[in-house]
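Trainee: My questions will all concern the structure given below.
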Amino acid sequence: MKQPARAPRGKTKAPKSKRQSREELNQQARVDKKDKKHRGNASGSRANPVAPAQKQGASSKAKDPRIGSKKPVPLGGSVAVVAKPVKAKPVVAEKKPKLSPQEELSMLENSERLDTLLDRLENGEVLAAEDQAWLDQTLDRIDVLMEQLGINLDDDDADEEAEEDMYRLLKGGN
């Protein structure tokens with residue numbers, strides 16, 4: 011038995027397009043190649059980008075999209091580099107209240123550090139360099155203040171020799 015022919019159900023297919031000849035294919039390939047060749051950014055577009063037009067109200071100068079410093083660098087070796095002067099910050103010194111010589115002398119004589127260092131020297135201990143320097147400086151200042159105030163501890167020559175010996179002992183035992 012023969013089967014009946016089926017009738018198409020719905021849309022009919024469009025007839026196949028005519029096959030292109032070799033010459034037409036070549037022509038189409040040339041056009042495609044030309045389009046491909048001109049794809050992408052123009053040469054130098056990274057270094058000199060084209061900025062889009064901005065509104066007049068935004069800002070008068072366009073921002074440079076390049077990264078890094080835009081400062082021109084001299085390429086010649088003979089150009090001298092001028093260093094910017096460094097602004098020195100003013101050092102704020104602590105203002106010590108100015109004491110009268112009498113007050114300063116009494117303050118130095120009543121110093122606990124001075125007393126402890128003198129006691130250590132009398133006991134025969136050797137002081138650290140920092141402590142010895144401070145002691146020498148303090149004793150010198152006491153001498154200057156005593157001279158300013160006119161205080162003289164020298165009653166006779168015997169006391170003067172004893173004072174010099176004590177002073178040498180205090181200064182470092184030379």
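Following my numbering, the numbering of the sequence shown begins with 11 at its first residue and continues without gaps.
Even glycine gets a Cβ: it sits at the ideal position worked out from N, Cα and C.
Which two residues bound the contiguous alpha helix (DSSP H) that contains R40?
Mentor: R32 to K47
Trainee: Which of helix, strand or coil does DSSP assign to D74?
Mentor: coil
Trainee: Looking only at C-alpha atoms, which of E174, K47 and V96 sits nearest to L149?
Mentor: E174
Trainee: Answer with buried or exposed for L155, where buried requires no fewer than 16 other C-beta atoms within 10 angstroms of its C-beta.
Mentor: buried
Trainee: How would you write the range of the alpha helix (DSSP H) that S116 sits in, first residue to last?
Mentor: P111 to E119
Trainee: Does DSSP put K15 in a helix, in a strand, or in coil?
Mentor: Correcting the residue identity first, residue 15 is Ala in this sequence and not Lys. Per DSSP, reduced to three states, the secondary structure at A15 is coil, with no helix or strand assignment.
Trainee: Please check the pair L127 and L109, which I expect to be a contact at CB under 8 Å, by giving their CB distance rounded to whole angstroms.
Mentor: Approximately 22 Å separates the beta-carbon atoms of L127 and L109; this is outside 8 Å, ruling out the contact.
Trainee: Out of curiosity, what's the CA-to-CA distance linking Q142 and K99?
Mentor: 34 Å
Trainee: Give me the residue from V60, E114 and D42 with the minimum Cα distance to R151.
Mentor: E114
Trainee: Give the straight-line distance between the Cα atoms of R185 and K47, rounded to the nearest whole angstrom.
Mentor: The structure shown does not extend to residue 185, since the chain is modelled only from 11 to 184, so the question has no answer here.
Trainee: Counting C-beta neighbours from all protein chains within 10 Å, is the total for L131 16 or more, i.e. buried, or is it exposed?
Mentor: buried
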